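Note sheet for the following structure.
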Amino acid sequence: MGPLTDTKVWSTRSVEGVYRFLGRVYRFLEHGCCDDPPTKEQLRCISACVKKVTCDTEEMRFNTAISAMMEFMNEASKWDNRPRDACEPLILMLSAYAPHLAEELWQRCGHTGSLAHEAWPEHDESVLVSDTYTMPVQVNGKMRGKCEVATGATQEEAVEQALALENVEKQVSGKEIFKVIFVPNKILNLIVK
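With the UniProt record's numbering as the guide, the letters of the sequence shown map in order to residues 1 to 193.
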């Protein structure tokens with residue numbers, strides 16, 4: 001649909017897309033939520049969604065707020081369970097865009113009161129910080145691979161992880177590592193002779 005301020009041409013495809021999205025949300029939550037504690041990944045996923053939707057809604061970028069909820073649903077559809085603490089914030093955010101469906105899902109999650117009296121969800125910044133990151137590895141300035149490295153890893157740890165990659169090991173075997181350029185939590189470049 002695009003930004004709110006842009007002129008729009010009516011398209012039934014957009015309406016069909018929103019209808020499919022709302023159907024996915026309904027099917028995902030039609031049997032309610034469980035009281036299982038959410039995993040760290042589930043909390044990270046919903047917290048990122050809450051942060052994005054809150055910011056975009058305040059800035060009147062409704063199309064990107066809905067897109068963030070769609071991205072959340074793509075991840076959540078892979079879950080084996082529907083933890084209350086990870087699903088109810090979605091329902092609360094959805095109430096600003098599809099109040100009729102959100103009220104129905106709120107009731108199915110076991111609430112008797114109206115969703116309209118609930119507070120907007122808040123994100124937890126602490127769960128958004130990842131324990132690992134994907135570090136690009138270059139040899140002589142050319143990309144040779146990527147590896148998962150602990151956030152805050154030292155240069156030695158990063159080099160050790162990089163040398164475990166088959167493609168990197170091939171490029172440096174029999175050569176001397178002349179210089180190591182390491183930007184913490186960003187990239188590693190091995191200069192070889």
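We treat Cβ as the ideally placed atom computed from N, Cα and C, and that holds for glycine. From a predicted model like this one, the values you see are computed outputs, not experimental measurements.
Straight-line Cα distance separating residue j from residue i
i: L94; j: E125; result: 21 Å
i: G145; j: L190; result: 12 Å
i: V53; j: G17; result: 19 Å
i: C55; j: L165; result: 39 Å
i: residue 197; j: R13; result: Outside the displayed span of the chain (1 to 193) sits residue 197, for which this structure offers no information.
i: A153; j: A162; result: 12 Å
i: A98; j: G23; result: 12 Å
Closest by C-alpha distance to residue i, when choosing among the options
i: A48; options: C34, S11 and F72; result: F72
i: I91; options: V15, L29 and A65; result: L29
i: V159; options: D131, M60, K51 and I181; result: I181
i: K78; options: V192, E104 and V25; result: V25
i: V15; options: E118, K175, I187 and I66; result: I66
i: I187; options: K175, K193 and C147; result: C147
i: W120; options: A96, E169 and L105; result: A96
Proximity of residue i and residue j at Cβ, strictly below 7 Å
i: R44; j: V149; result: no
i: P38; j: D85; result: yes
i: H123; j: K51; result: yes
i: Y133; j: N185; result: yes
Assigned exposure category for residue i - 16 Cβ within 10 Å defines buried
i: W10; result: exposed
i: Q42; result: buried
i: E88; result: buried
i: M69; result: buried
i: M60; result: exposed
i: A76; result: buried
i: I177; result: exposed
i: A102; result: buried
i: V137; result: buried
i: V129; result: exposed
Beta-carbon contacts of residue i that lie in its chain and below 6 Å, excluding the five residues immediately before and after
i: Q171; result: V139 and R144
Other residues of its chain near residue i: CB distance less than 7 Å, five sequence neighbours each side excluded
i: E58; result: none
i: D36; result: N81 and P83
Cβ shell of residue i (< 8 Å), same chain only, five flanking positions each side left out
i: residue 195; result: The structure shown has nothing for residue 195, since the chain only spans 1 to 193.
i: V168; result: V137, V139, R144, G145, A162 and L190
Contact with chain B by residue i, beta-carbon distance below 7 Å
i: R24; result: No chain B appears in the structure shown, which is made up of a single protein chain.
heavy atom of the ligand FAD below 6 Å from residue i C-beta
i: L128; result: Questions concerning the ligand FAD fall outside what the structure shown contains, since it holds no ligand whatsoever.
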